[in-house]
Amino acid sequence: MQVSVVIPSYNHRQYVVEAIESVLDQDWPDIDLIVIDDGSKDGSAEVIGELLDRRGGFRLVARENRGLIRTLNEGISMASGEYFCLLASDDYLPAGSLRSRAEFLVEHPGHVGVFADGLRILEDAEPGERILDERRRQLFSHSDPIPGFLKGLNLPIHTMMAKRDVFLRFGGFDSRYRYCEDLDVQLLLFLEGKVGFVDTPVYCYRLHGANISLTNPQLARADKVLCFRKYLEEVPRLAPYRKLIRHRLRRHYLALGRYLHNSGGGSERERELFQGGWEFAWQDVRLLWYLLWWKLVGSRRTG
1 MQVSVVIPSY NHRQYVVEAI ESVLDQDWPD IDLIVIDDGS KDGSAEVIGE
51 LLDRRGGFRL VARENRGLIR TLNEGISMAS GEYFCLLASD DYLPAGSLRS
101 RAEFLVEHPG HVGVFADGLR ILEDAEPGER ILDERRRQLF SHSDPIPGFL
151 KGLNLPIHTM MAKRDVFLRF GGFDSRYRYC EDLDVQLLLF LEGKVGFVDT
201 PVYCYRLHGA NISLTNPQLA RADKVLCFRK YLEEVPRLAP YRKLIRHRLR
251 RHYLALGRYL HNSGGGSERE RELFQGGWEF AWQDVRLLWY LLWWKLVGSR
301 RTG
């Protein structure tokens with residue numbers, strides 16, 4: 001069974017060679033490695049090209065910047081493996097990462113994917129604590145994990161290995177998101193079929209000053225509104241969870257309204273999305289207050 005690994009590279013010259021070599025050094029016999037440099041400005045493409053000349057073993061695409069989500073979907077569309085996984089260009093795979101996941105899928109052909117655990121790393125230190133807590137581990141023992149996802153539990157997408165054709169069937173990564181490319185694909189994968197779990201670290205996640213989710217955790221507010229709108233309006237198989245989805249969507253509108261108020265207006269995209277909250281204003285006086293504030297005061301500040 002061939003496994004494709006997609007590495008989207010962007011301005012990680014310091015780390016990207018280690019990321020690529022961690023795949024080349026895996027002991028799984030059939031690996032299709034694709035590296036796409038998304039218009040890096042720090043010389044990443046050059047050092048990747050030097051590694052390709054020196055070691056070979058992977059395909060390299062270096063082009064202008066198109067953004068992470070388009071880069072991920074491009075890599076998956078290029079992949080030739082039956083299964084694929086992802087690796088960020090500032091992280092790396094520990095030994096045996098591909099084998100532990102691929103062997104599970106070979107032994108469980110009815111599964112559409114598998115997740116595993118990971119390890120956090122501070123800059124260049126040795127791998128430290130595991131990523132998964134007990135609540136997220138329990139998703140795999142529940143007869144119906146969908147409510148858990150809808151209530152905010154999520155899995156580390158880079159520990160996933162999934163069937164490529166199934167992933168493409170539900171559209172891959174949604175290009176409407178800006179910062180949370182993994183926001184809904186894991187839930188949609190669970191809707192497609194059985195998903196397994198391997199209780200071993202298969203991914204090393206590096207913490208450093210440029211991690212977007214750490215530098216500005218508010219960036220996900222608008223994406224979460226978009227995501228739950230999608231669940232409500234575009235995913236018929238989630239109809240049994242409509243009440244829960246509407247409840248969570250109202251909470252995300254409230255969080256977005258609070259953010260817009262505290263930040264003095266936010267972006268045009270965020271302000272436009274927030275107007276959809278009027279549908280839920282009668283259910284939450286706090287949301288109504290933020291909507292009225294924006295209509296009476298906030299729009300003047302950004303006008």
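The numbering of the sequence shown is the UniProt record's numbering, which starts it at 1 and goes up by one.
Glycine included, C-beta positions come from ideal geometry on N, C-alpha and C.
All values derive from a computational prediction rather than experimental measurement.
Cα-Cα separation, residue i to residue j
i           : j       : result
Arg-248     : Ala-281 : 14 Å
Leu-68      : Gly-81  : 21 Å
Lys-151     : Tyr-15  : 34 Å
Pro-8       : Leu-33  : 11 Å
Asp-133     : Ala-162 : 22 Å
Gly-43      : Arg-55  : 19 Å
Gly-230     : Leu-72  : Reading the sequence as shown, one finds Lys at residue 230 and not Gly. When rounded, the distance between both Cα atoms is 20 Å.
Asn-65      : Ile-131 : 30 Å
Leu-119     : Val-225 : 30 Å
Ala-62      : Ile-48  : 9 Å
Asp-90      : Met-78  : 22 Å
Lys-194     : Trp-294 : 44 Å
Glu-50      : Tyr-10  : 16 Å
Arg-251     : Asp-184 : 17 Å
Gly-113     : Gly-148 : 18 Å
Ser-263     : His-158 : 32 Å
residue 317 : Arg-136 : It is not possible to answer for residue 317, since the shown part of the chain is limited to 1 through 303.
His-261     : Ile-245 : 24 Å
Arg-269     : Gly-172 : 23 Å
Coarse secondary structure for residue i, derived from DSSP in three states
i       : result
Asp-223 : helix
Pro-8   : strand
Arg-246 : helix
Ile-34  : strand
Asp-117 : strand
Pro-201 : strand
Leu-122 : strand
Leu-292 : helix
Leu-155 : coil
Val-61  : strand
Arg-178 : coil
Leu-183 : coil
His-111 : strand
Leu-24  : helix
Lys-194 : strand
Arg-130 : strand
Lys-163 : strand
Arg-13  : coil
Val-3   : strand
Where residue i falls, given that 16 or more other Cβ within 10 Å makes a residue buried
i       : result
Trp-278 : exposed
Gly-128 : exposed
Ala-116 : buried
Arg-237 : exposed
Met-160 : buried
Val-285 : exposed
Gly-266 : buried
Gly-57  : exposed
Pro-109 : exposed
Leu-176 : Before going on, a small fix: residue 176 reads as Arg here, not Leu. The residue is exposed, with fewer than 16 neighbouring Cβ atoms inside 10 Å.
Asp-174 : buried
Glu-74  : buried
Leu-86  : buried
Proximity of residue i and residue j at Cβ, strictly below 9 Å
i       : j       : result
Leu-98  : Gln-186 : no
His-111 : Gly-196 : yes
Leu-105 : Tyr-83  : yes
Glu-192 : Arg-164 : no
Arg-221 : Leu-232 : no
Leu-287 : Tyr-259 : no
Ser-100 : Val-202 : yes
Ala-102 : Val-3   : yes
Phe-167 : Ile-76  : yes
Leu-188 : Val-235 : yes
Ile-36  : Val-23  : no
Arg-178 : Asp-223 : yes
Cys-180 : Leu-93  : no
Leu-256 : Leu-273 : yes
Asp-182 : Asn-154 : yes
Arg-70  : Leu-122 : no
Any non-hydrogen atom of the ligand SAH within 8 Å of residue i CB
i      : result
Leu-51 : This structure simply doesn't include the ligand SAH, nor any ligand for that matter.
Ordered list of beta strand (DSSP E) runs contained in the region 66-94, each at least 3 residues:
83-86
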